[in-house]
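What follows is a set of notes on a single structure, which appears directly below.
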Amino acid sequence: MDGLCCPSCGCGKLFHYSGAIGVYECTLCGSNVDQHDLIPTEQFMEMDMSVEEIKELIDIKLDMMLLFPEDKAALIDDIKKLRSRLIEIAK
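Numbering-wise (the numbering used here), the sequence shown opens with residue 87 and increments by one.
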């Protein structure tokens with residue numbers, strides 16, 4: 087799903103879940119997500135998050151780099167954005 091991600095972990099690697107119509111499975115966290123609950127990736131990245139949530143998301147993005155090396159450049163950009171947000175919050 088281009089441009090959409092799992093609302094739980096922010097992973098964009100979603101596959102149609104064969105058990106139900108309009109339900110997708112997240113490759114990273116394994117959540118089954120209704121198509122109406124998917125959110126735009128940019129919106130997920132801009133949500134209000136605590137320092138701990140941002141750090142967890144950075145860890146998730148690092149895990150995704152290992153699982154999906156073809157998306158490495160985009161994931162590095164996401165990590166840079168998240169680190170910038172951490173710096174802003176820490177000030």
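For glycine and all other residues, C-beta sits at the position ideal for the given N, C-alpha and C. These numbers come from a predicted model, not from an experiment.
Item                                                                                                                                                  : Value
Three or more beta-carbon pairs under 8 Å between the stretch 155-167 and the stretch 115-124, yes or no?                                             : no
Are the Cβ atoms of C92 and L124 separated by less than 9 Å?                                                                                          : yes
Less than 7 Å between C-beta atoms, sequence neighbours within five positions excluded: which residues of the same chain meet that for I140?          : L168, R171, L172
Entirely within the stretch 109-139 and at least 3 residues each: give me those beta strand (DSSP E) ranges in chain order.                           : 109-112, 118-120
What does the alpha-carbon distance come out to for the pair Y103 and C112?                                                                           : 9 Å
Using 10 angstroms around the beta-carbon of G108, count the other beta-carbons present and answer buried if the total reaches 16, otherwise exposed. : exposed
What is the residue span of the beta strand (DSSP E) that F101 lies within?                                                                           : 100-102
By DSSP's criteria, C91 is part of a beta bridge. Which residues make up the other side?                                                              : I125
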